[in-house]
Each structure stands twice: as structure tokens, then as C-alpha cells.
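**Q** Just dropping this structure here.
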């Protein structure tokens with residue numbers, strides 16, 4: 200697991216993706232702290248890692264990164280940790296379009312291509 204507070208290269212993500220089935224890298228973003236954890240088998244482990252470091256669960260969202268792809272295909276919004284009925288998110292996707300845009304902006308800032 201790696202905490203990304205400043206940046207991570209696309210090449211580093213590609214190396215991580217080689218260890219995962221499907222060429223992906225699981226990630227959890229903290230939208231308030233503007234950080235991200237990458238490279239774990241489960242989003243729940245990344246979520247726990249951030250919670251132990253003081254993150255608020257309502258600010259944590261699970262995504263998958265596909266470093267071999269570009270554009271809209273680079274980020275997939277699909278994680279069990281995103282199921283949050285109390286926040287009006289009733290699926291593994293992230294239903295709030297503004298939140299999705301904020302996550303895309305954060306990921307594009309943290310990942311150096």
C-alpha cells in the first residue's frame with residue numbers, strides 16, 4: 200500500500216497494475232485531505248488505512264485506476280465502500296456528478312502522466 204500525498208507517476212502505477220488481475224490499481228481517495236492510497240488487494244484495506252490516520256469515512260471513496268488506458272477509461276468508479284445509503288449513494292458507483300468531477304480533478308493532480 201502506498202499513500203500518495205504529492206504525486207505518483209503513471210509508470211509506477213503501471214508497475215503496480217502488473218501485479219493485479221485486469222491491469223488495474225485499486226485506490227481510495229480522501230476528497231477533503233486531497234490524498235489517495237493505492238496498491239492494495241481491497242478497497243476496504245485502503246479505507247481502514249486512511250481511517251487509522253484520521254480521515255473521515257464520509258470523505259473516502261473507492262476507485263480503480265487503469266494506467267494502460269486514457270481519458271474516461273483511466274478511472275473506474277466501482278467499489279463496495281461506495282455503498283452509502285445515508286449519503287444517498289445506493290450503488291458501488293459514485294452517483295453525485297460533482298463529487299465524481301472532484302475525484303477526477305484530484306486524481307489528475309496526483310498522477311503525473
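Numbering (the working numbering), first residue to last: 200 to 312. Yeah, the Cβ is synthetic: ideal placement off N, Cα and C, and Gly gets one too.
1. Expressed to the nearest angstrom, what Euclidean distance is found between the alpha-carbon atoms of residue 221 and residue 292?
2. Look at the alpha carbon of residue 255 and the alpha carbon of residue 247, and state the distance between them as a whole number of angstroms.
3. Near residue 278, what residues of its chain come up, given a Cβ to Cβ distance below 7 angstroms and the 5 sequence neighbours on each side ignored?
4. Can you give the Cα-Cα distance for residue 294 and residue 214, rounded to whole angstroms?
5. Out of 304, 252 and 228, state which residue places its alpha-carbon closest to the alpha-carbon of residue 271.
6. If you draw a straight line from the C-alpha of residue 308 to the C-alpha of residue 205, how long is it?
7. Have a look at the DSSP bridge pairing and note the partners of residue 244.
8. Using CA coordinates, which residue listed in 258, 257 and 207 is at the minimum distance from residue 237?
9. Short check: CB of residue 200 to CB of residue 239, under 8 angstroms?
10. Residue 212 to residue 286, Cα distance in whole Å?
**A** So, to answer that:
1. Approximately 18 angstroms between the Cα atoms of the pair.
2. Put simply, the backbone Cα of residue 255 is about 11 angstroms away from that of residue 247.
3. Cβ within range, chain order: 242, 261, 262 and 291.
4. Straight-line Cα distance between these residues: approximately 30 angstroms.
5. Looking at 304, 252 and 228, the one whose alpha-carbon comes closest to that of residue 271 is 304.
6. If I take the Cα positions, the gap works out to 9 angstroms.
7. DSSP links residue 244 through a beta bridge to no other residue.
8. Distances from the CA of residue 237 to each of 258, 257 and 207 were compared; the closest alpha carbon is that of 207.
9. Yes.
10. One C-alpha to the other measures close to 30 angstroms.
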